[in-house]
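S.K.:
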Amino acid sequence: MAGNADAGAGAQGGPVGDAQGAAPSPGSGQIGEAESFDKDRALETIRRQRESEADTKRQLAEERRQREAYERELNELRATTQSESERAVAKARRDGAAEATTRFHDQLRRAGVRTALISAGVNPEVLDLAAKDDVFSALSVSDGGDVEGVEPAVALLKKNRPSLFSKTTGDFGGGNRGSTPPAQPTMNELLRAAIKGN
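Heads up, the sequence shown is in numbering that gives the first Met the number 0, so the first residue is 0 and it goes up one at a time.
#1: Taking the Cβ atom as the reference point for each residue, do L107 and G144 lie within a distance shorter than 8 Å?
#2: Put S139 into one of helix, strand or coil per three-state DSSP.
#3: Should A198 be labelled buried (16 or more other beta-carbon atoms within 10 Å of its own) or exposed?
#4: Based on Cα-Cα distance, which residue from V134, S165, V146, K56 lies nearest to V159?
#5: By how many angstroms is the C-alpha of G95 removed from the C-alpha of S162?
#6: Since E43 sits in a beta bridge, which residues does DSSP pair it with?
#7: I'd like to know whether the C-beta atoms of V146 and L156 end up nearer to each other than 8 Å.
#8: Considering only the beta carbon of each residue, do V125 and V149 sit closer than 8 Å?
#9: Could you tell me the boundaries of the alpha helix (DSSP H) in which F103 lies?
#10: With the cut-off set at 8 Å, would you say R109 and A130 are in Cβ contact?
#11: Distance, Cα to Cα, D54 vs T44?
#12: Whole angstroms is fine: what's the gap from D127's alpha carbon to A193's?
#13: By a C-beta neighbour count over all protein chains shown, 10 Å radius and 16 as the cutoff for buried, is V88 buried or exposed?
#14: What residue range is occupied by the uninterrupted alpha helix (DSSP H) comprising L163?
#15: What's the C-alpha gap between S84 and E70?
#16: Checking 8 Å against the spacing of the C-beta atoms, do S221 and G196 come in under that value?
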């Protein structure tokens with residue numbers, strides 16, 4: 000009877016394996032559908048992750064704003080509970096920090112201007128004078144420590160006061176000017192010349 004069941008299954012729908020959902024043949028077209036389904040699913044996953052990242056960024060920005068508001072409120076509360084001398088000390092600290100920052104930025108600005116002037120070819124004798132020109136007074140220092148706008152200011156100074164900049168390229172009248180120097184006599188030649196001279 001078992002033989003008849005196998006024969007009946009084969010006669011009705013082909014091999015026994017097809018009736019039980021075996022894998023499709025390579026040319027059946029079902030593989031392409033599975034691939035597009037996987038692509039769609041992957042794209043959906045990526046979209047959800049991007050939305051999640053955007054939500055996280057928004058939440059972090061909101062938390063940062065709240066934290067800054069809490070810090071401001073805490074500072075205000077501290078200020079109201081401080082005595083007069085504590086307020087004076089806190090103000091002196093803030094003023095001292097601001098003054099130190101200003102001095103440091105002034106030093107950075109002077110150093111940046113001097114470096115840019117030297118690179119542009121300013122005469123060394125007038126470097127200090129050129130660095131104090133009004134063109135450089137409005138320059139600011141970035142948070143990274145760079146002097147902003149120094150190159151255009153140097154170009155403007157070079158245009159307005161060309162006499163401050165060198166015309167020569169480093170030849171100050173010395174040297175052999177491209178010719179080979181005369182050969183120096185060796186010690187033996189000097190001794191021979193001294194003996195012959197006697």
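Backbone N, C-alpha and C define an ideal beta-carbon position, used for all residues, glycine too. These numbers were taken from a predicted model, which means no experiment stands behind them.
M.R.: Reading from the atomic positions:
#1: yes
#2: strand
#3: As displayed, the chain neither begins before 0 nor continues past 197, which places residue 198 out of reach and without an answer.
#4: The residue you asked about is not Val; residue 159 is Asn in the sequence shown. Among V134, S165, V146, K56, the Cα nearest to that of N159 belongs to V134.
#5: 41 Å
#6: In the DSSP output, where bridge partners are listed per residue, E43 has none listed.
#7: no
#8: Not a contact, by the Cβ cut-off of 8 Å.
#9: 83 to 119
#10: yes
#11: 15 Å
#12: 54 Å
#13: Label assigned to V88: exposed.
#14: Careful: L163 lies outside any alpha helix (DSSP H) and carries neither H nor E.
#15: 22 Å
#16: Outside the displayed range of the chain (0 to 197) lies residue 221, so it cannot be described from this structure.
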